[in-house]
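Taking it in order: structure first as structure tokens, then the write-up.
In the numbering used here, the protein residues as written are 343 to 497.
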């Protein structure tokens with residue numbers, strides 16, 4: 343069941359982010375800061391953390407927010423499903439849910455940004471399977487040799 347995240351979910355959300363093994367220590371600290379700031383009410387109401395709960399536990403997390411200074415453009419800043427639930431349609435359910443929410447609210451584009459490093463290859467494939475196209479590559483964005491890939495889907 344997909345629902346809005348609550349403060350009691352914070353630890354599990356952080357554990358899911360850690361389990362991806364895709365965050366450098368500094369990035370994980372930034373992630374923790376964003377989660378904390380959200381639950382402290384420092385973001386406007388349009389920011390949205392959702393969790394997917396199955397059998398009494400959280401199996402997936404997604405975070406979306408509108409892109410500033412745009413009309414109807416949203417960004418999926420984070421999405422992850424725990425290992426035991428991967429390849430069972432949970433990520434797709436989260437993306438479908440988010441896309442429906444954004445479209446219902448007048449959104450027209452949904453973006454996803456990720457790294458070009460090989461360890462993110464599964465993510466690229468997932469986004470493509472969900473109907474996202476690689477729209478842009480910003481070379482050396484994250485670091486020398488690590489580009490930012492921008493995926494886009496018209497809703």
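In this text, a Cβ means the ideal position worked out from N, Cα and C, and glycines have one as well.
Which of helix, strand or coil DSSP assigns to residue i
i, result
"residue 474", "coil"
"residue 384", "coil"
"residue 413", "coil"
"residue 361", "helix"
"residue 398", "coil"
Expected contact under 8 Å - CB spacing of residue i and residue j to nearest Å
i, j, result
"residue 373", "residue 359", "5 Å"
"residue 397", "residue 436", "That belief does not hold up - the Cβ atoms of residue 397 and residue 436 are roughly 17 Å apart, past 8 Å."
"residue 494", "residue 474", "6 Å"
"residue 392", "residue 449", "About 15 Å separates the two Cβ atoms, so there is no contact after all."
"residue 401", "residue 432", "6 Å"
"residue 434", "residue 472", "6 Å"
Reference residue i, options the options, closest by Cα
i, options, result
"residue 484", "473, 469, 456 and 376", "456"
Same chain, Cβ closer than 7 Å to residue i, five either side skipped, listed in chain order
i, result
"residue 430", "none"
Cβ neighbours of residue i in the same chain (closer than 8 Å, five flanking residues each side left out)
i, result
"residue 362", "422"
"residue 413", "450"
"residue 377", "352, 355, 356 and 391"
Own chain residues within Cβ distance below 6 Å of residue i, not counting five before or after
i, result
"residue 418", "406 and 454"
Below-9 Å beta-carbon distance, residue i vs any chain D residue
i, result
"residue 428", "As a matter of chain content, chain D is missing from the structure shown, which is built from one protein chain."
Item checked: Any 3 or more C-beta pairs closer than 8 Å across the region 439-446 and the region 474-486 -> Short answer: they don't touch.
Note to self: Closer than 8 Å is the cut-off here; do at least three beta carbon pairs connect the region 382-389 with the region 398-408?
What the structure shows: They touch, by the three-pair rule.
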